[in-house]
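Protein chains in written order, with my numbering: chain H, 219 to 548; chain E, 219 to 548.
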């Protein structure tokens, strides 16, 4: 399988619309699909091929990007499966992945979960930005039975068309990771702001809010509907990962109670090391070439790269081989 | 008592040095004092009056600012009390206040705790900045027995010389407030980074760190010595305030476990309201004038203003009266 040439984007809000605009700018034959009449008007104004009918959108497409809201995605897969070509590949952009992979069981072998990690406070096709994904992480979660061909084509689409960083990990790991890297931070920010709100000290906390309080509560200003949807869609992973966070807090509070200076230094030194690694990750650029017959090694390479925190920035076919450019933690 | 005209700053690191430089720029007769020989050289290069001897520094001064490290402050008060003039006033810049007020008992009636809430990642007199306190909150914690005269002069020094916002609250309230507004945020940031560091997902958490994780762990990059000192110096208040934060987290986790959408919406809506109040506080400017005989009302006004989250921006004596300009939450 080569690069995708005929693409459909189902659901053209901020994320789907940005994918549609970028693919269109890249000269790809792409069509958007959304049930909202206002969105159809915006697509027409922007000169983007568009239809309100899913069946029409997916016929003859080699990649179908499902960018509808999470709850609509599940039912959507059956409609897509009923009309799409046998050779087509389907991906999505939802922020959790084990549930989506389960919902896509009717697309077995043709579905790879996706999660582009970019966004703004805006929404809708009018706010779509063809450069939204430039240099952003874009997670791909193939099922365990995937063949290399659709995954390779999708990695190439993410890196070379969307200009994002492709990170291949399995769905369970994705959900556990985002519970820690994105969802639990909302719980902590909410707890800090919520405790301050409920305290008789609320007026002086507001007056004396230091940088640490402002940073620590920033995402508590997010629309509560969005925060709650996120937590409930990734419930199990949030509950599983909470144990480590609660355990660290218990150790800190016990050491404060017992005045244990050295224990606290150890705890905060470990935390500082990870924090510093996040803001200044040293990466090494490497290329790897795989002959087309070596699909098992190519799959293993992509999965291993993702597991160590690396990502693909380029995927170039050349004759019967494929060359990846990747960044690996140094 | 009028505006302070002869000031000593004991301990000239970043905070003390910035006070020294600002007072010197304002044309006040000020002297710095620090035992460190390197600091003496920097003071000489900056043209700042300086001595290494505390007794020499404090003689004949009407305001003595104690800006030594927290552990050195306590012993320092006795040395200051032994040499200073009877009419002098003493303040400090430490980040906790009940312990400092207790340690300053030998200065009864002449000591008012202070906490300028400004700083940078730098340290030492070489990094001192005369504009460090411009528009920064500067808490003043008078003991319950204080007379209006020294407090009025210190408010005027903070607002009109240091150009900061003077917030008058009692020491217990200060410590409980900063536990929530500054110290507990370090515990939460450490827990998020520390749990990620201890997790098998550490590499992918680092790779996928969203804005929420970056903001939520920012102060986990602070020097652990400083974080731990802060927590241990304010132990009791941190432990007391932790209850509200832990309670909020328990409610969120239980609601996630039980899939209780409405409960979560309520919790995060309360949090969002406080967060939005912190970043966009509507304030009203008001002036109040007190005749010099009305000290009790003047004291009550300053304390009430601080308790509701307000602050003084100007304090101007005029004949036998004093006019305050203050910002109050609208």
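Note that CB positions come from ideal geometry on N, CA and C, so glycine has one too. The model shown is predicted, which means the values in this text are computed figures rather than measured ones.
Where residue i sits in the DSSP three-state scheme
i, result
"residue 277(E)", "coil"
"residue 267(H)", "coil"
"residue 225(E)", "strand"
"residue 314(H)", "coil"
"residue 295(E)", "helix"
"residue 243(E)", "helix"
"residue 506(H)", "strand"
"residue 531(E)", "strand"
"residue 235(H)", "helix"
"residue 513(H)", "helix"
"residue 342(H)", "coil"
"residue 255(E)", "helix"
Residue range of the alpha helix (DSSP H) that includes residue i
i, result
"residue 493(H)", "479-497"
"residue 545(H)", "No alpha helix (DSSP H) contains residue 545(H), which is instead part of the beta strand (DSSP E) from 539-547."
"residue 527(H)", "Note, residue 527(H): premise wrong, no alpha helix (DSSP H); not H, not E."
Chain H contact residues for residue i, given Cβ-Cβ distances below 8 Å
i, result
"residue 466(E)", "408, 409, 412, 413, 416"
Given residue i as reference, the closest of the options once Cα atoms are compared
i, options, result
"residue 527(E)", "238(H), 445(H), 425(H), 299(H)", "425(H)"
"residue 522(E)", "421(H), 406(H), 364(H)", "421(H)"
"residue 492(E)", "478(H), 432(H), 468(H)", "432(H)"
"residue 318(H)", "360(H), 342(H), 224(H)", "360(H)"
"residue 349(H)", "331(H), 369(H), 376(H), 540(H)", "376(H)"
"residue 295(H)", "233(H), 229(H), 245(H)", "229(H)"
"residue 419(H)", "411(E), 391(E), 277(E), 430(E)", "391(E)"
"residue 380(E)", "389(E), 353(E), 364(E), 400(E)", "353(E)"
"residue 288(E)", "321(E), 511(E), 476(E)", "321(E)"
"residue 280(H)", "536(H), 236(H), 309(H)", "309(H)"
"residue 478(E)", "451(H), 489(H), 413(H)", "451(H)"
"residue 412(E)", "323(H), 483(H), 411(H), 407(H)", "483(H)"
"residue 469(H)", "314(H), 486(H), 544(H)", "486(H)"
"residue 311(E)", "323(E), 401(E), 334(E), 327(E)", "334(E)"
"residue 224(H)", "278(H), 465(H), 259(H), 336(H)", "278(H)"
"residue 344(E)", "539(E), 234(E), 533(E)", "234(E)"
"residue 346(H)", "511(H), 242(H), 270(H)", "242(H)"
Where the beta strand (DSSP E) through residue i begins and ends
i, result
"residue 307(E)", "307-310"
"residue 332(E)", "329-334"
Neighbouring residues, chain H, relative to residue i (Cβ below 7 Å)
i, result
"residue 360(E)", "The contacting residues do not exist; residue 360(E) stays about 15 Å from chain H at best."
"residue 332(E)", "Neighbours of residue 332(E) on chain H: none; closest Cβ ~13 Å, over 7 Å."
"residue 475(E)", "457"
"residue 321(E)", "Result: empty, since nearest Cβ-Cβ is about 18 Å, beyond 7 Å."
"residue 394(E)", "419"
"residue 491(E)", "415"
"residue 499(E)", "424"
Neighbour list for residue i in chain E, Cβ cutoff strictly below 9 Å
i, result
"residue 529(H)", "425"
"residue 547(H)", "421, 424, 425"
"residue 451(H)", "In chain order: nothing, as chain E lies at least about 11 Å away."
"residue 345(H)", "Residues of chain E passing the Cβ test: none, with the nearest at roughly 18 Å."
"residue 277(H)", "Chain E residues near residue 277(H): none, gap ~35 Å exceeds 9 Å."
Per-residue contacts from residue i into chain H (C-beta, under 9 Å)
i, result
"residue 462(E)", "409, 412, 413, 414, 416, 417"
"residue 287(E)", "Those do not exist, as residue 287(E) stays about 15 Å from chain H at its closest Cβ, beyond 9 Å."
Beta carbon proximity, residue i to chain B, threshold 8 Å
i, result
"residue 357(E)", "Structure shown: chain B not included; protein chains present are H and E."
Proximal chain E residues relative to residue i, where beta-carbon distance stays under 8 Å
i, result
"residue 335(H)", "426, 428"
"residue 431(H)", "398, 399, 400, 403, 496"
"residue 550(H)", "The question about residue 550(H) has no answer here: the residues shown for chain H are numbered 219 through 548."
Under 7 Å from the C-beta of residue i: neighbouring residues of chain E
i, result
"residue 228(H)", "Ordered by position in chain E, no residue passes the 7 Å Cβ test against residue 228(H), which lies about 25 Å from the chain."
"residue 486(H)", "408, 442, 445, 446"
"residue 436(H)", "433"
heavy atom of the ligand SAH below 7 Å from residue i C-beta
i, result
"residue 386(E)", "The ligand SAH is not among the ligands present in this structure, which contains no ligands whatsoever."
Discussion item. Give the list of continuous alpha helix (DSSP H) stretches no shorter than 4 residues that lie fully inside the segment 401-477 of chain H.
Written reply: 402-416, 420-426, 429-434, 442-451, 453-475
Worksheet item: Can you give, in chain order, each stretch of the alpha helix (DSSP H) that sits fully within the segment 356-404 of chain E and has at least 4 residues?
Response: 366-374, 389-396
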